[in-house]
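Numbering (the working numbering), first residue to last: 179 to 304. Glycine included, every Cβ here is placed at the ideal spot set by N, Cα and C. Report on the following structure.
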């Protein structure tokens with residue numbers, strides 16, 4: 179996803195100014211808060227580029243719909259998936275189980291790229 183608004187660049191510049199130019203001027207008892215603000219700015223920038231953390235991308239929902247053979251809206255499809263998991267629908271080591279694993283892993287990676295890219299070894303700080 180590309181950020182056509184330029185928010186990513188703006189957040190990146192603001193974050194770098196905060197960290198590289200202002201942080202040394204901030205009183206010691208306020209540095210932690212300033213670093214939290216810088217981190218929030220980085221997350222917001224990555225959300226602008228990769229999508230919101232709290233909103234699954236359309237391809238994720240479409241993949242789940244196809245896997246489950248359903249046409250339910252998003253909240254219901256997640257509830258159906260949870261029910262199928264509880265009922266053991268994916269316990270057998272089948273292609274369907276492998277597909278679900280791939281779908282969930284891709285979404286987990288996307289969320290980590292936004293919230294904590296260093297965990298994946300790919301710090302794409304904004």
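8 Å or more divides the Cβ of residue 229 from the Cβ of residue 190. When only Cα atoms are considered, residue 208 and residue 254 end up about 44 Å apart. Residue 267 carries a coil assignment under DSSP once its states are collapsed to helix, strand and coil.
In the three-state DSSP reduction, residue 276 falls in the helix class (H, G or I). Taking 8 Å as the cut-off, the beta carbon of residue 241 is found closer than this to the beta carbon of residue 281.
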